[in-house]
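With the numbering used here as the guide, the letters of the sequence shown map in order to residues 1 to 275.
Note sheet for the following structure.
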Amino acid sequence: MYEATPIVNGFPGKTETHGSFGWSSVWLLRGFDRVIIVETGPPSYLPLITTALSELGLGTNEVTDVLITHAHWDHLGNISLFPQARRWIGRVEYEWALSQAPDEPFVSQPLLGALSHPQGLLRLIDGESELVAGVRAHNVPGHTPGHLAFAVDTTEGPKLFTGDAAKNIHELESVAVDSAVDRGLGARSVTWIREFARNTGSSVVPGHDVECELTGHGWQRRSEQRAEIQFFHRRDAPPARISLSDAELGPVAVEPFPPECGMPRPSINEQANAE
Numbered sequence: 001m002y003e004a005t006p007i008v009n010g011f012p013g014k015t016e017t018h019g020s021f022g023w024s025s026v027w028l029l030r031g032f033d034r035v036i037i038v039e040t041g042p043p044s045y046l047p048l049i050t051t052a053l054s055e056l057g058l059g060t061n062e063v064t065d066v067l068i069t070h071a072h073w074d075h076l077g078n079i080s081l082f083p084q085a086r087r088w089i090g091r092v093e094y095e096w097a098l099s100q101a102p103d104e105p106f107v108s109q110p111l112l113g114a115l116s117h118p119q120g121l122l123r124l125i126d127g128e129s130e131l132v133a134g135v136r137a138h139n140v141p142g143h144t145p146g147h148l149a150f151a152v153d154t155t156e157g158p159k160l161f162t163g164d165a166a167k168n169i170h171e172l173e174s175v176a177v178d179s180a181v182d183r184g185l186g187a188r189s190v191t192w193i194r195e196f197a198r199n200t201g202s203s204v205v206p207g208h209d210v211e212c213e214l215t216g217h218g219w220q221r222r223s224e225q226r227a228e229i230q231f232f233h234r235r236d237a238p239p240a241r242i243s244l245s246d247a248e249l250g251p252v253a254v255e256p257f258p259p260e261c262g263m264p265r266p267s268i269n270e271q272a273n274a275e
C-alpha cells in the first residue's frame with residue numbers, strides 16, 4: 001500500500017474578472033518502491049512542490065511516476081520538474097489535446113510537448129487498467145474526452161483521485177459539472193464516482209478541493225478548506241489579507257496584514273472606506 005500525502009490541497013475558486021485560479025490538488029504516493037506524484041498543478045506551484053518534497057527528504061529527480069488525469073494546463077504545469085519520472089496520461093486524452101487549436105480553453109501546447117521530453121518516459125493509457133501495483137486507471141469522461149481517475153490502495157484506505165471529473169465537493173453533491181466538453185457525460189461520471197466510493201469505501205480527492213468522503217449525510221470534507229489572498233488595495237497601505245474558509249459561518253473575513261517596512265497598519269474602518 002501507499003502512504004499518501006497532500007503536497008498542495010486544491011481550492012475551488014474562480015473570479016468573474018480573472019478566470020479560474022487554477023489551484024488544483026497535488027498529492028504524493030510512496031510505496032512498492034515507487035515515488036508517485038498525482039497531478040503537477042499550475043506553474044505557480046513550483047516553489048510549493050519543491051519545498052514540500054524537500055521537507056519530506058525527497059528531490060524532484062527521485063519521483064518515479066507522474067499520474068495526469070487530463071491535459072489542462074493547471075494539472076500539467078510542472079511536469080518538467082520530474083526528469084526521471086514516467087508520465088501517465090490517457091491515449092484518448094493526449095491525442096484529443098494535441099489536435100486542439102491554440103485558443104482551446106485550458107490546453108497549453110507547450111506543456112503538452114513537455115510530456116514527451118525527455119524521450120521514452122511518456123506512457124499512454126489504453127482503457128481501464130492497472131498502471132503499477134496498487135494504482136488503477138478508470139474512465140471518467142465529460143470534463144474532457146479522455147479524462148481518467150486513479151484508484152489507489154493507501155495505508156489510510158482506498159482513495160480515488162478524480163481530477164476535474166469532479167472538481168470540488170459541490171460537483172460531487174449536486175452532480176452539476178461546471179466547465180465540461182460534454183456536461184451530460186460529465187454528470188454520468190460524477191454518478192459513477194459516487195457509486196465507486198459507496199461500493200469500495202474510497203475517499204475522493206477532487207481536482208480542486210481537499211479530500212472528501214461519502215457519509216450518510218452526503219459528501220463531507222475531511223479537512224478544512226481554506227485559502228489566504230493578499231490584496232494590495234491602496235497605494236499607501238500594506239496589503240489586506242482575504243481569508244477564505246469553509247469553517248467560517250459568517251461573511252468572508254478581510255483583515256490587514258501586519259505592518260511591513262515600517263508602514264502604518266490600516267484600521268478595518270480605513271479598509272472599508274478605501275476607494
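Ideal placement from N, C-alpha and C gives every residue a C-beta, glycine not left out.
Taking the Cβ atoms as the reference, V205 lies roughly 6 Å from S25, within the contact range of under 8 Å. Straight-line measurement puts the Cα of I37 at about 11 Å from the Cα of T69. In its chain, beyond the 5 residues on either side, R87, L115, S116 have a beta carbon closer than 7 Å to the beta carbon of L122.
Beta-bridge analysis with DSSP links V107 to H72. For L48, the enclosing alpha helix (DSSP H) covers residues 46–55. Within the same chain, Cβ atoms closer than 6 Å to the Cβ of H72 are found at F106, the five residues on either side in sequence being excluded. Pairwise C-beta distances place the segment 132–146 in contact with the segment 176–185, as three or more of them are shorter than 8 Å. Under DSSP, H138 takes part in a beta bridge, and its partners are A149.
Non-local beta-carbon contacts of F232 in its own chain, meaning distances under 6 Å to residues more than five positions away in sequence, involve P239 in chain order. CA-to-CA, the gap between D209 and T215 works out to about 17 Å. P12 is classed as buried because its beta carbon has at least 16 other beta carbons within 10 Å across all chains shown. Around S129, the same chain offers R136, A137 as residues with beta carbons nearer than 8 Å, after the five sequence neighbours per side are excluded. When the five nearest sequence neighbours on each side are left out, the beta carbons in the same chain lying within less than 7 Å of the beta carbon of R198 are those of L214, in order along the chain.
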